[in-house]
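Chains as they are written, first to last, in full-length UniProt numbering: chain A, 1 to 308; chain B, 1 to 509. The beta-carbon is built from N, C-alpha and C at its ideal position, and this holds for glycine as well. Here's the structure we're looking at; comments come further down.
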Amino acid sequence: MDATEIGLWGVPLAMLGGAIRVSTPFIFVSLGEAITERSGRINLGLEGTLVFGAMSAYAVAVMTGSPWLGLLAAAAAGFCFGLFHGWICKFRGVNDIAIGIALMLFGSGLAFFFGKPFIQPSAPDLPAIPFGGWSNVPQVQAALNINVLFLIGAALAVFLWWAFRNTRAGLILRVVGDSSDAARAMGLNPNTVRLIATGIGGALAGIGGAYLSLYYPGSWTEGISSGQGLMAVALVIFARWNPLGCFAAALLFGGAGALGPALQSVGVTQGYYLFYAAPYILTLVIMIATSSPSRSLAGAPGELSITR
Amino acid sequence: MSDRGKKALGVETIGMSMRFGAFTALDDVSIKVPAGSFHALLGENGAGKSTLVKCIMGFYHPTAGDILIDGREVGIASPKDASALGLGMVYQHFTLVPSLTGAENLVISREKVPRIIDWRNERAALAQFMERMPFKLPLDVKVAELAAGEKQKLEIIKQLYLGRSFLVLDEPTSVLTPGEAQEVLGLVRGMTKAGDLTVLMISHKFHEVTAFADDITVLRKGRLTGTGKVSELSHKQMAAMMIGDQPIAALDSRAPVPVGARQILTVKALKAPDRTGLKTINIGELDVKSGEIVGVAGISGNGQKEFLEVLAGQRTRDAGDVLVKGSPYGASRAEARTLNVRFIPEEPLRNACAPRMTVAENMAFRTFDLNEAGKPISWIRMSAIRDYATRLVEQFKVKTASLASPIASLSGGNVQRAVLARELTGEVDLLIVSNPCFGLDFSAVAEIRARIMKARNAGAAVLLMSEDLDELLELSDRIFVMSDGSLVYETPIAQASVQTIGEHMAGHH
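Here it is as structure tokens:
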């Protein structure tokens with residue numbers, strides 16, 4: 001069937017579908033980063049973790065035939081990357097941003113090194129649930145074919161939002177992120193809390209990577225992430241460290257990212273490459289619009305090195 | 001929930017000594033704080049007050065000496081042990097977590113917090129607990145949004161919530177208005193009288209000590225130099241115990257402001273955004289004449305810092321004029337030089353120095369690119385910088401190991417002296433000063449105030465912002481009160497009353 005059959009309605013529909021499809025890695029990476037940043041550290045290395053997670057998930061899925069084992073492998077690899085970042089950052093004079101950049105390059109490089117043999121073979125996909133069965137329009141069915149990870153991500157966002165306020169772990173995380181002194185006065189060790197937070201953040205980023213290689217786009221290539229891990233970090237700041245905000249922002253970015261392909265599918269042939277840049281332009285515009293030369297960011301964790 | 005069945009504790013130290021390497025911070029100090037008393041610990045910076053308190057609270061392990069609680073010897077190896085025994089401390093700087101609400105702060109500081117917090121139960125329990133407390137506080141507001149006095153009350157409430165019955169208060173009123181200070185100390189005093197609490201308060205303010213404390217202990221250079229009942233001691237005797245026989249710089253007597261003195265600084269209809277960008281500061285009209293000190297009082301966070309930043313050129317203004325001697329002033333280096341404007345910001349190490357550059361370089365910031373005749377030069381002469389600094393160091397008695405040491409290695413008082421030397425040398429028509437004596441000891445404070453007074457008597461117009469009302473009352477010719485971003489009250493010093501100023505500071509008018 002032809003995309004033009006439902007006319008220009010195809011564009012918002014494709015964007016909705018695209019938003020759901022494209023946003024999932026953003027959701028996981030940004031939720032992971034939100035946990036890490038709420039503890040008072042920035043992990044820019046999540047881009048590398050994302051790529052390494054994509055590679056390890058794909059490799060394990062190819063070898064075992066199970067996408068779920070691949071997912072677990074990606075989470076475990078991401079957890080290790082996060083722990084490594086958290087462990088190095090506890091030393092005096094170590095800058096979390098510099099370590100993050102180093103780990104970003106290290107993670108990508110390591111993934112390319114181990115991932116070479118897995119570019120050719122194909123791995124089983126993560127399952128999706130067809131929510132569009134009620135409609136016989138194929139575009140609707142395609143848009144509402146939703147991967148389980150998206151649903152898990154949505155639930156996780158709500159859970160984190162609740163947990164930051166209603167659980168001991170959530171409150172401890174916020175205490176450590178806002179004031180190391182207060183945390184120490186309470187007998188908490190900020191480094192341990194941050195180590196765990198960075199580890200969990202890394203694991204979530206790894207899961208985001210698994211989604212990339214095992215569902216959409218669904219294969220392992222070296223250019224698989226194209227900076228999504230970095231954008232997710234920016235997204236956390238835009239979302240003001242609020243998990244629900246992260247989820248909404250991820251959807252927005254996903255939708256923007258789907259604009260180019262959607263226009264192409266309805267037959268716009270001129271300048272659609274410009275629309276491929278939409279997410280990046282959106283990042284810039286949002287960052288400029290929400291920042292100010294004369295006031296500091298509201299809601300920023302007090303211990304974060306970029307806002308301190 | 002904690003049980004508050006515990007009654008006040010009596011604490012005693014015997015022969016407490018603490019050495020760090022060759023340095024003796026505390027030398028054989030024995031103090032006795034009976035249960036239910038309000039005890040004041042006096043001393044200059046570095047006298048060993050906080051060392052003593054940290055030994056009691058388990059942060060330090062004393063080299064020698066014992067601690068007795070209710071007459072029984074106890075071992076306190078860590079802050080945890082101290083809390084378990086019912087000893088608590090309220091720090092000078094807040095230890096509450098700003099982005100958490102009061103309720104969240106209280107619950108998370110508890111020894112045992114359930115994995116999942118049932119807020120309905122917790123709120124009910126907190127409400128019940130607050131009913132027994134002398135202070136009323138909003139617990140559902142983020143701590144960052146509380147006033148300083150409310151934060152201080154919450155700190156004290158936190159200690160009581162945790163079941164502590166011996167409290168160390170470290171300069172508890174340094175961030176409060178006179179009214180708030182009276183209220184907080186009065187309520188704490190009431191609890192000690194009722195026998196629920198014992199208090200050991202570190203303080204600099206004699207009038208507070210006289211009004212609220214039962215007994216005092218004075219330390220100097222790590223030794224106990226005096227102790228006694230407050231009712232039997234005068235301020236003069238207390239000061240003598242604190243500073244010994246070292247000379248204190250006397251304030252010049254105040255030369256009368258000449259009639260028709262020239263107006264130096266004029267601020268008109270100034271508007272600028274504050275730090276959050278949500279509120280604006282709004283200075284209607286302010287002028288400072290040659291030979292007078294105009295003080296600006298206010299609780300921190302009411303826009304003084306932003307006002308100062310505008311004057312210093314660190315913050316852009318939305319509207320309004322700043323004129324110095326009639327010409328517009330934008331705080332550029334050239335304007336500051338031609339109009340003779342000098343600036344002593346608060347926390348000088350951070351705001352007026354390059355911490356890792358040497359003392360000599362820092363002292364030359366105003367003049368390094370000029371020759372003796374005041375003309376710009378293209379090659380900098382290190383020898384000239386050194387000679388200049390040598391002169392100033394001697395003149396202003398800056399204690400430094402060498403001119404080539406980084407200025408960050410100097411003590412707070414000496415950094416302030418170095419900055420004063422730089423700013424007060426040469427012709428000064430306008431001097432803008434903010435909290436010049438914050439955290440400095442007795443003799444440094446006296447000397448710095450004397451220097452400012454001297455500059456005034458020599459004809460400089462001085463704008464002095466301070467959170468220390470005593471300082472303003474001592475130095476100013478006129479006092480403004482800043483509240484919520486505007487100047488809300490003006491009084492000449494002759495008619496100034498602490499009561500009225502305090503009320504305006506708190507915004508009760």
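- With respect to B/Glu-171, B/Ser-300 sits apart: the two C-beta atoms are not nearer than 8 Å.
- The C-beta of A/Val-175 comes closer than 8 Å to at least one C-beta of chain B.
- For A/Gly-187, the neighbours in chain B by C-beta distance under 8 Å run, in chain order, Pro-79 and Lys-80.
- Cβ proximity to chain A below 8 Å picks out Pro-98, Ser-99, Leu-100, Glu-104, Val-107, Ile-108, Ser-109, Val-113, Pro-114, Arg-115, Ile-116, Ile-117 and Trp-119 from the stretch 98-123 of chain B.
- Annotation: the continuous alpha helix (DSSP H) that includes B/Gly-412 extends over 412-424.
- Scanning the stretch 325-411 of chain B from its first residue to its last, the whole beta strand (DSSP E) runs of 3-plus residues come out as 341-344.
- Contact between B/Ala-64 and B/Pro-98 is ruled out by a C-beta separation of about 40 Å, above the 8 Å threshold.
- Under the three-state reduction of DSSP, A/Ser-23 is assigned to helix.
- Within chain B, no C-beta atom comes nearer than 7 Å to that of A/Leu-282; the closest sits roughly 23 Å away.
- Going by DSSP, B/Arg-449 is part of the alpha helix (DSSP H) stretching over 442-457.
- Counting every other CB atom within 10 Å of its CB across the protein chains shown gives A/Phe-150 a total of 16 or more, marking it as buried.
- In its chain, beyond the 5 residues on either side, Asn-362 and Ile-407 have a beta carbon closer than 6 Å to the beta carbon of B/Cys-353.
- In the three-state reduction of the DSSP assignment, B/Val-11 falls in the strand class.
- For B/Asn-282, no alpha helix (DSSP H) run applies; the uninterrupted beta strand (DSSP E) run containing it begins and ends at 280-289, by DSSP.
- Between A/Phe-26 and A/Ala-205 the beta-carbon gap is near 11 Å, outside 8 Å, which marks them as no contact.
- B/Asp-215 sits in a strand when the DSSP states are folded into three classes.
- Taking the CA atoms as reference points, B/Gly-43 sits about 12 Å from B/Thr-51.
- For B/Pro-492, the secondary structure class from DSSP, reduced to helix, strand or coil, is strand.
- For B/Thr-280, none of the residues of chain A pass the 9 Å Cβ criterion, the least Cβ distance being about 11 Å.
- Burial state of B/Pro-138 is exposed, judged by a 10 Å Cβ sphere holding fewer than 16 other Cβ atoms.
- Positions of the beta strand (DSSP E) runs, each at least 3 residues long and wholly inside the stretch 68-145 of chain A, are given as 128-130 in order along the chain.
- Annotation: the continuous alpha helix (DSSP H) that includes B/Glu-183 extends over 178-193.
- Looking at the backbone, the Cα of B/Phe-129 and that of B/Thr-217 are separated by about 34 Å.
- Between B/Phe-442 and B/Glu-346 the beta-carbon gap is near 19 Å, outside 8 Å, which marks them as no contact.
- Using a Cβ-Cβ distance cut-off of 8 Å, the stretch 182-191 of chain A and the stretch 57-65 of chain A are not in contact, since fewer than three pairs of beta carbons, one from each stretch, lie closer than that value.
- By the rule that beta-carbons nearer than 8 Å mark a contact, A/Arg-41 does not touch chain B.
- Between the beta-carbon of A/Gly-107 and that of A/Thr-49 there is about 5 Å, and that keeps the pair under the 8 Å contact cut.
- Straight-line spacing of the CA atoms in A/Pro-127 and A/Asn-147 works out to 6 Å.
- Bounds of any beta strand (DSSP E) do not take in A/Leu-151; it lies within the alpha helix (DSSP H) bounded by 148-166.
- B/Glu-104: member of the alpha helix (DSSP H) spanning 102-108, first to last residue.
- The alpha carbon of B/Leu-430 has as its nearest neighbour, out of B/Thr-198, B/Pro-376 and B/Gly-326, the alpha carbon of B/Gly-326.
- DSSP, reduced to helix, strand and coil, places A/Leu-44 outside both helices and strands of the structure shown, so it counts as coil.
- Shown here, B/Gln-237 sits in a helix according to DSSP, grouped into three states.
- As a beta-bridge residue in DSSP terms, B/His-39 pairs with B/Leu-200 and B/Asp-215.
- Taking C-alpha positions only, A/Val-51 is separated from A/Gly-209 by approximately 6 Å.
- At a C-beta separation below 9 Å, B/Leu-96 has these neighbours in chain A: Ser-179 and Ala-182.
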